[in-house]
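Protein sequences, first through last, are from chains D and L. For the first sequence, the positions run 1058 to 1251 when this note's numbering is used. For the second sequence, the positions run -18 to 679 when this note's numbering is used.
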Amino acid sequence: MLGSEAPKQVMDDRRMKNFQRRDSGKRMALFVLLMVLFLFSVFPVSAQEPTRVITDDEVNNVARELFCPICENTPLDVCETQACKDWRETIRDKLAGGQSDEQIMDYFADQYGVRALAEPPAEGITLPLWLVPILIIPAAVVFFGLYLKNIKRSAVGSSEAAAVVSQPTTDIAGDPDQDQDPYVARIERELREK
Amino acid sequence: MIADLGYAAILIAFLASIYAPIAAYYGVRNDKPRWVESGRNAILIIFFLVALACGLLILLLLTNEFSITYVWEVSSRDMPVYLKVAALWGGQRGSILFFNFMLAAFTAAAMARNWRNERAIMPYAIIVGSFSLIFFLGLTLFLENPFQRVGVATAEGSGLELLISTPVTYVKNIFERPGIIPDDGRGLPALLRHPVMIIHPPMLYLGYTGFTVPFVFAMAALMAGKFNEGWIRITRRWTLVAWLFLGLGVILGGRWAYDVLGWGGYWAWDAVENSSLLPWLTGTAFLHSVMIQEKRGMFKGWNVALIIITYLLVVLGTLNVRGGLVSSVHAFAQSNIGWLLLLFLTYMIVFSIYWVVKKRDQLESENHINSFLSREAAFLGNNLLFLLITVIILFGTYYPRISELFAGQEVTVSGPFYEKATGPLFAILLLLMGIAPLTMWYRTGIGRLRKMTIGPAAGSTLLVIAMFFLGVKNWIALVGFWIISFSAFITFLEFGRAMNARVRSKGENPISALAALVARNRRRYGGYIIHLGVLTMAMGIISTELYQQETQVRLMRNESLTLGDYTMTFRGMEQRAGVDDTEIIEATVDVYKGDRLVRTLHPRTERFMRTGEDMSIPAVRMTVTEDFYVLLINWEGMSSNEATFKAYLNPLINWVWAGAFVFIFGTLVAAWPDPADEKVSVSKMTKERLAIGGAPGD
C-alpha cells in the first residue's frame, strides 16, 4: 500500500506544481487583461486600432464577390452610393476582426439574401440556374451525334447522295477555293441538272 | 402648333399603318395590283410622316420648348446642341418615336429596294411589316405621346380607357393652353451626357429594327407559298446590315461603359446588354446556316426558325429596355408598357408558329448531310453552339425574374455565371471558326484536314510554349491563346494559299492578287476578315478577363502607388466649373513606367449641380499592349491634399476595339451591294467564267 501511496504523493506534487503553473498563467492572463482594459480606458483610440491595417485592395477583393443589395446589378467594389461605401467599411471591419472572405460573404448572404452574391451558389434557389447549362450541353452533344448518325445512314442508300459523294473526291487535291466558289457551285448544279 | 403637327403626323401614320395591310390583302385576294401598290405607298408615307414627327420633336428640343413635357424631361438650356438632338432618344417617349422612325425607314427601304424582284411576296411583306408599325405607332399615339404638354390634364385610367383617353385629352388640350411654362428643363441624366450618346442608341435601334426586315420577308415568303425562291438572298443581305448595326451598337455600348462608367471594364452581363447580344448571336447563327440552304437546299425550317427567334428576341429585348422587365443599369428609359409589349410578343409567337406549321411542307430539306466531316456539319455545329450560348444567356438573364416569381426571392446572375457557363462554348466556337473553312461541302477527307491543320497546330503549340516561359501560367489563357492562334493561322493560310494560286496562274503581284481574290468572292473573304476581327477581340477579352490588375490607394500629394510596371504619383487637385452646369474636380497624376515619365493624366469627378449626381470619369493611358486606367474615387476637400485613386491595368484591351474595326470592315466587304451580282443570270456567269478560264479545277 505504501508503495502505491508514494507515487500518488509524487503525482499530487506534480499536479500541485502544474496547478500552480496554470494558476500563475491565469494570473498572468488576468494581469494582461487588466492592463489591456486599463490601456483601453486611457487610450481608447489607439487601442481600437486593429493589429493589421486593411487596405482598400483587400476590401475590394471581397467586395468584388458581392453585389450591392440595393442598386441595380452593380458589384459592391465599384458602387459609389453611400450605402455601398458603408458596406465596404463593414467588410473592412470584419477583415480587421479576423474574418475570412468566405465568412464575410456568408454574412452578406445571410443578411441580404442570395442576391448579394456575385456568383450564385450551386444550391437552393440558384441550383436550377447551374443545372441548365450542365444538362443542355451534353444533351445537345448527344442530339448532334445522333442526328448526324441518322442522316448518314439514311443518305447512304439514296442515289442523290451517291451522285454527289463521288463528285468531291476529285476536289481534294485541287484548289481549296474551288469547292466553295459560288460560280463553280452553280456550274456544277447546272451540269447536274442537264 | 409644332407639337400638334407632330401628333397629327403620328395619327395619320397610324391610320396609314392600318390601311396598308388591308389594301395589300384586298389587292392580292382580288388580283388588283394597284391596291397592293397603294398599300406599299402607305408604308412609304408612314416613313415620311414619322420622319416629320421626329424632325418636329428635334425642333422643339432645339428651341427649348419646355411647354412640352418630353422636352422638359430630357432637355435643358445648358445642354450642347448635339445632346439636344440626341435627347430625341434620351427618354422613353422620344426613344419609342425614334424606334418608330427606324422601323418605318427599314420597312420602307425594304419595300422600295426589293419591290421589282420580289413582287409575289410583297403583299404579304406589307401585311407582316404593318404589324410592327401598328403596334409601335400605337404605343406612341396612345400611351407614350412625346408631344404631351406640361401643366395640363394628362390621360388617366387603365387599360382600354387609357388608350382612348390619351388622344382625346391631347386634342382637348390644344384648346386649353397651359398657364405656366417652365423656364428650364430637367435635362438628361449625367450618365447620358456623353458624345457616344449620339451614336450608341441609334446603332442599337438600327440593329433591332433592322431584324424585322428578314422576319417580314421570311413570313411573307411562307405566306405567299414562294418559299423556294429569291427571298433568302435578299434576306441574307438585310440580315447582314441589321447584324452589323447591332454588333456596332453593342461594341459602342462597351466602349461607353469603359470610358464613363468607371469600373475598368466594358461588359457587365447586364440584362439589357444581354438582350442586345442575344439577337446578335442567333443572327450570327442564321448568317452561317443560310449558306447551307443556298448551297444545298437544306435546313429551311431551321433557318426560318432562326429568323423568327431573332426577331422575337428583338421584341423581347425591346420589352426589356423599354418595358422595364428586368433590373438593369439601363433603367433610365422605361415605363409601364411592359404588358402591351408582352401581348405583342405573344401575338408574334403565335403568328409565326401558325404559319410555320401551316406551310411546313415547304420547309422540307431537299438534301441530307453526307458526312460528319463536311461544311454542312460544321455549320450545324456552329448553329448548335450559338443556340446553346443563347439559351444559357437567355435563361440567366431572366432567371432573377423566374426565381422572384416562383420563390419570391431575387437572385443575382452576373459575370461569374455567364463566364463559366458559356466560356467553354465560346472556346469551341473559336476552334470551329478555324477548322470549318477547311471543310468542304458534302464531305471532307480526314487526310486533307490533317494535312491542313498540322502546321497551324504545331505553330500554335510553339507559340503557347513560348508564352508559358514568358510568364503566362494560367491554363485557361494558354488554351484560349492556342485556339486563337490556331484559328488565326488557318485563316491567314487560307488567304495565302488562294493568293499564291492566283499569283502562279495569272502572274499577278501578291497585293493585287489578294485584292482581286477578295473582290471576286467578297462574301467568303469578308467572312474571313470578320473571323480575324473576332479572334483579335477574343485575344483582348481573354487577356483583360484573366490578367486585369487593380489597386486602390489613398495618396497624399507626391505619394505614389504602383501597379505592374507602373508607378503613379499624385501631384495635385483642381476645381473648376465645367460646361453643361457641372463642377469638375480634377486630379493631376504623373504616370511612370519604370523610371520614365510616360504621361500626365487627369482623372476627374464631374458633379452635376442641378441633380447633385457625381460621375467619376477615368483617365487612360492607352498603348497597344495595355491601358493604364485611373479613377479618382474620393477626395478630402480641396485643401487637404489627399485623395483615393483606383487604378486598373488592362492588358491588350485595345485589341477589343481594334478587332471591332476589323469586324466592321469585314462586314462591309461582305455586305456591300453589288449591282452586277443581282442582274447577271446564272448562265451568263457560267459563260464568263469558262471564257476567262478561272481558277484551276474549272
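Cβ coordinates follow ideal geometry from the N, Cα and C atoms, glycine included.
Is the beta carbon of residue j closer than 7 Å to that of residue i?
i: L:M329; j: L:T190; result: no
i: D:A1175; j: L:P397; result: yes
i: L:S355; j: L:T425; result: yes
i: L:M596; j: L:A67; result: no
i: L:F12; j: D:N1130; result: Residue identity check: residue 12 of chain L is Asp in the sequence provided, not Phe. Not a contact, by the Cβ cut-off of 7 Å.
i: L:E540; j: L:F551; result: yes
i: L:T265; j: L:F360; result: no
i: L:R588; j: L:E564; result: yes
i: L:G245; j: L:Y610; result: yes
i: L:W70; j: L:P182; result: yes
i: L:E254; j: L:R167; result: no
i: L:L412; j: D:A1197; result: no
i: L:L185; j: L:G230; result: yes
i: D:V1167; j: D:V1119; result: Per the sequence presented here, residue 1167 of chain D reads as Asp, with Val not at that position. Result no, Cβ atoms of D:D1167 and D:V1119 do not sit closer than 7 Å.
i: L:I289; j: L:S333; result: yes
i: L:W248; j: L:G235; result: yes
i: L:G647; j: L:G507; result: yes
i: L:V394; j: L:Y379; result: no
i: L:R585; j: L:V572; result: no
i: L:F470; j: L:G440; result: yes
i: D:R1253; j: D:V1110; result: Residue 1253 of chain D falls outside the range modelled here, since chain D spans only 1058 to 1251, and no answer is possible.
i: D:P1190; j: L:I373; result: yes
Quick one: which chain D residues come within Cβ less than 8 Å of residue i?
i: L:T393; result: F1124, N1130, V1171, R1172, A1173, L1174, A1175, P1177
i: L:A358; result: L1205
i: L:G362; result: F1201
Along chain L, in chain order, which residues have C-beta atoms closer than 9 Å to that of residue i?
i: D:D1114; result: E531, T532, Q533, V534
i: D:L1203; result: Those do not exist, as D:L1203 stays about 12 Å from chain L at its closest Cβ, beyond 9 Å.
Give the residues of chain D in contact with residue i, contact being defined as C-beta atoms less than 7 Å apart.
i: L:P397; result: A1175, E1176
i: L:W244; result: V1135
i: L:D240; result: Under the 7 Å cutoff, chain D gives no residues; its nearest Cβ is about 15 Å from L:D240.
i: L:A388; result: I1182
i: L:F476; result: By Cβ distance, chain D contributes nothing, its closest Cβ being about 11 Å from L:F476, past 7 Å.
Below 8 Å on the Cβ atoms is my guess for residue i versus residue j; work out the distance and round it to an integer in Å.
i: L:V601; j: L:I510; result: Not a contact, Cβ separation roughly 28 Å.
i: L:K401; j: L:Q533; result: L:K401 to L:Q533, Cβ: 26 Å. No contact.
i: L:L630; j: L:G545; result: 5 Å
i: L:G(-13); j: L:L38; result: 6 Å
i: D:I1161; j: L:Q390; result: Between L:Q390 and D:I1161 the Cβ distance is about 21 Å, and since that is not below 8 Å, they are no contact.
i: L:T263; j: L:T291; result: 4 Å
i: L:R74; j: L:N22; result: About 28 Å separates the two Cβ atoms, so there is no contact after all.
i: D:F1201; j: L:L406; result: So it is not a contact: roughly 13 Å between Cβ atoms.
Which chain D residues sit within Cβ distance under 9 Å of residue i?
i: L:L369; result: P1190, I1193, I1194, A1197
i: L:L365; result: A1197, V1198, F1200, F1201
So residue i contacts chain L; which residues on that side make the cut at Cβ distance below 7 Å?
i: D:T1183; result: V392
CB of residue i to nearest heavy atom of the ligand MG: below 6 Å?
i: L:M83; result: As presented, the structure is devoid of all ligands, the ligand MG included, so that no description of it is given.
Contacting positions in the region 1189 to 1200 of chain D - beta carbon closer than 7 Å to chain L: V1189, P1190, I1193, I1194, A1197
The region 1149 to 1181 of chain D: positions lying closer than 8 Å to chain L by Cβ: G1170, V1171, R1172, A1173, L1174, A1175, E1176, P1177
Looking at C-beta atoms only, is the number of pairs between the region 342 to 353 of chain L and the region 195 to 208 of chain L that lie closer than 8 Å three or more? yes
For the region 371 to 384 of chain L, enumerate the residues whose C-beta is nearer than 8 Å to any C-beta of chain D, in chain order. V372, I373, F376, G377, Y380, P381, S384
For the region 216 to 230 of chain L against the region 179 to 197 of chain L, are there 3 or more C-beta pairs whose distance is under 8 Å? yes
Touch check for the region -9 to 3 of chain L and the region 102 to 119 of chain L: three-plus C-beta pairs under 8 Å? yes
What are the residues in the region 589 to 609 of chain L lying within 8 Å of chain D by C-beta distance? D595, S597
Note down, in chain order, all residues in the region 323 to 351 of chain L with a beta-carbon under 9 Å from any beta-carbon belonging to chain D. E347, N348, H349, I350, N351
When the Cβ atoms of the region 37 to 51 of chain L are set against those of the region 93 to 106 of chain L, are three or more pairs found closer than 8 Å? no
For the region 632 to 648 of chain L, which residues have a beta carbon sitting closer than 7 Å to at least one beta carbon of chain D? none
Members of the region 269 to 284 of chain L that neighbour chain D once the beta carbon cut-off is set at 7 Å: K276
Report yes or no: do three or more beta-carbon pairs, one from the region 21 to 28 of chain L and one from the region -15 to -2 of chain L, lie closer than 8 Å? yes
If the cut-off is 9 Å on Cβ atoms, which residues from the region 402 to 420 of chain L count as contacting chain D, listed in chain order? A402, T403, P405, L406, P418, L419
Does the region 319 to 327 of chain L come close enough to the region 291 to 303 of chain L that 3 or more CB-CB pairs lie under 8 Å? yes
contact_flag[the region 232 to 243 of chain L, the region 274 to 284 of chain L] where n(CB pairs < 8 Å) is 3 or more: no
Tell me, please, whether the region 513 to 529 of chain L touches the region 445 to 459 of chain L by the rule of three or more beta-carbon pairs shorter than 8 Å. yes
Could you say if the region 632 to 639 of chain L and the region 514 to 521 of chain L meet the contact criterion of at least three C-beta pairs nearer than 8 Å? yes
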